[in-house]
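Notes follow the structure.
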Amino acid sequence: MKTTTVSILTFIAIFLLMMHTMNAQGMWSGEFRPGFNIPVSDLGEEDLALGFGFEAKIAYKLMPHLKVYGGWGWNAFETDTQDVNNMVDLDETSFTFGFDLRLPVTDPPVTYFVYAGGVLGQIKLEDIKNTFNERSDYGLGWQLGGGVEFALNDHWSLKPDVRYRSLSREIQVDEVMLEVDLQYFAVGLGICGSL
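Position 65 of the sequence shown, counted from 1, bears residue number 769 in the working numbering, the numbering being contiguous throughout.
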């Protein structure tokens, strides 16, 4: 838990520093997006419970309605079991990249957007008794999403969105190779700034 707190505070500090140093007439933007995750896949025979996580990303405007983005995120789940001694934590850390398309359906301050991209991610499994703590190699996955952006002023906006993410990795636990197929919907609220 201490590592998680330090990670979150570090990314908030990096995000604020990033926003302070960006310029180039609104070509660059940064976003911090906390949210919760609704799994649609299981971990073997165990169901995954509602998860949470965050993402920090930067974007560059290629055209008036098209941005390219890259970022880093962390998402956590645990198994939904009655026996607390058999609980397993699943963490996903990933780099994200892709394209973000603004849909000029309405006039500002409200804008719709969709995005699609890749996920270069790693999955970590750890049981509550600390008998195993294993990580996968990094591998490719994908994500699709969309939402609404509400401009607060010329530089700040709020971006509620929903995304679907898929990442499959193999992890060796106790000499057994497990195929983990992590698929989930993520609902979040991004805080976006641009200069």
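Think of the CB as a built atom: it goes at the ideal place given N, C-alpha and C, for glycine as much as any other residue.
- Beta-carbon to beta-carbon, GLY892 and GLY739 are separated by about 2 angstroms, close enough to satisfy the 8 angstroms threshold.
- Per DSSP, the beta-bridge partners of PHE781 are LEU794.
- Secondary structure note for TYR868: its beta strand (DSSP E) is the uninterrupted segment 860-877.
- Between ASP804 and VAL772, the C-beta gap is smaller than 9 angstroms, which places the two residues in contact.
- Between the alpha carbons of ASP784 and TRP732 lies a gap of roughly 41 angstroms.
- Within the model, the alpha-carbon separation for ASP858 versus PRO864 is close to 18 angstroms.
- For HIS769, same chain residues with a beta-carbon under 8 angstroms away, outside a window of 5 residues either side, are LEU805, ARG806, LEU807 and PRO808 in chain order.
- Beta-bridge partners assigned by DSSP to PRO738: PHE758.
- Under the three-state reduction of DSSP output, ALA753 falls in the coil class, being neither helix nor strand.
- Across the structure, LEU862 and GLY775 are spaced so that their CA atoms are roughly 18 angstroms apart.
- Distance between PHE836 and LEU871, taken at the CA atoms: about 21 angstroms.
- Cα atoms of LEU899 and LEU766: separation of roughly 15 angstroms, rounded to the nearest angstrom.
- Here LEU752 is near PHE781, since their CB atoms are less than 9 angstroms apart.
- About 7 angstroms separates the Cβ atoms of TYR842 and GLY825, confirming a contact at the 8 angstroms cut-off.
- For ASP746, there is no enclosing beta strand (DSSP E), as DSSP marks it with neither H nor E.
- For PHE889, the closest alpha carbon among the candidates GLY734, GLY757, GLU750 and PHE736 is that of GLY757.
- Per DSSP, ILE827 is one residue of the beta strand (DSSP E) stretching across 814-831.
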